[in-house]
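Numbering (our numbering), first residue to last: 46 to 303.
We treat Cβ as the ideally placed atom computed from N, Cα and C, and that holds for glycine.
Taking it in order: structure first as structure tokens, then the write-up.
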């Protein structure tokens, strides 16, 4: 009974906070505390979202293609580099400070350079997504590798297991929890990174469409794009949670025994 009550409370709290935000938004526009041309009403945003939904879907297909491709490359690169940095201490000492420094550079400052070097096609968008998603996953994997049970590693080593078997059977399972935590962050960053890159040049995508409606002062449509991007990011994060649930069945068993 207590667990059910806690579950209901945990779900009701964010819903209540969202309703409060919507109520304040409606009040600000209804009583004209904020001019309508600066902040459209929630109803106007919903109507614009419904009217432009087919167009939003077509642009979302381009943005998601860029986001998924960049995320896949970012995950692959992060896994390889994190594995090498965990294996060789000199690589960790040499590369980790460089990785930290790269995160101090705003993506909005890098995007124009990528467009200048690579043109207005998909390449600069995918590259920016790789840059955006790489760091959280690499750091999460490194932390996961370093949190592996030393006794398990020594046990396998005493049984004659090589480095690859230790890596496969101990280090990778130990890093999965941290990996999915980083992947959840990177999945939302991937869409945002693709949209930011599309702001600076392109022919299709949610970022391009957002720039067009902004220049036309159609702020209800611009807010509908923001709403759509938020929904996509939440769906991707939910997808990562579902993937973690499927890939790590031992976590379910641990929760059931508690």
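First and last residue of the uninterrupted alpha helix (DSSP H) at residue i
i, result
"residue 142", "134 to 147"
"residue 191", "168 to 191"
"residue 290", "264 to 292"
"residue 220", "217 to 244"
"residue 77", "No alpha helix (DSSP H) contains residue 77, which DSSP labels as neither H nor E."
"residue 196", "195 to 203"
"residue 85", "Per DSSP, residue 85 belongs to no alpha helix (DSSP H) and is neither H nor E."
"residue 212", "That residue, residue 212, is in no alpha helix (DSSP H); it is neither H nor E in DSSP."
"residue 153", "152 to 163"
"residue 250", "Per DSSP, residue 250 belongs to no alpha helix (DSSP H) and is neither H nor E."
Close-in-space but distant-in-sequence residues of the same chain around residue i (CB under 8 Å, 5 per side omitted)
i, result
"residue 140", "126 and 130"
"residue 206", "214"
"residue 165", "246, 247 and 248"
Pairwise C-alpha distance: residue j and residue i
i, j, result
"residue 199", "residue 208", "11 Å"
"residue 96", "residue 162", "37 Å"
"residue 191", "residue 144", "18 Å"
"residue 75", "residue 61", "20 Å"
"residue 193", "residue 229", "21 Å"
"residue 153", "residue 170", "12 Å"
"residue 69", "residue 81", "14 Å"
"residue 201", "residue 195", "10 Å"
"residue 149", "residue 183", "16 Å"
"residue 83", "residue 225", "39 Å"
"residue 215", "residue 197", "7 Å"
"residue 146", "residue 71", "42 Å"
"residue 218", "residue 260", "49 Å"
"residue 270", "residue 94", "7 Å"
"residue 262", "residue 137", "49 Å"
"residue 134", "residue 128", "11 Å"
"residue 63", "residue 274", "17 Å"
Cβ-Cβ distance between residue i and residue j below 9 Å
i, j, result
"residue 99", "residue 268", "no"
"residue 296", "residue 222", "yes"
7 Å Cβ shell around residue i - same chain, five flanking residues per side excluded
i, result
"residue 116", "174, 178, 231, 232 and 235"
"residue 249", "104 and 107"
"residue 123", "179, 182, 183 and 186"
"residue 245", "156, 157 and 160"
"residue 102", "none"
Own chain, CB closer than 6 Å to residue i, minus 5 neighbours either side, in chain order
i, result
"residue 119", "175, 178 and 179"
"residue 277", "236"
For residue j and residue i, believed in contact at Cβ under 8 Å, the rounded distance
i, j, result
"residue 241", "residue 252", "7 Å"
"residue 265", "residue 89", "4 Å"
"residue 87", "residue 67", "6 Å"
Proximity test, residue i beta-carbon vs the ligand GTP heavy atom, cut-off 8 Å
i, result
"residue 100", "For the structure depicted, the ligand GTP is absent and the ligand set is empty, with no information on it obtainable."
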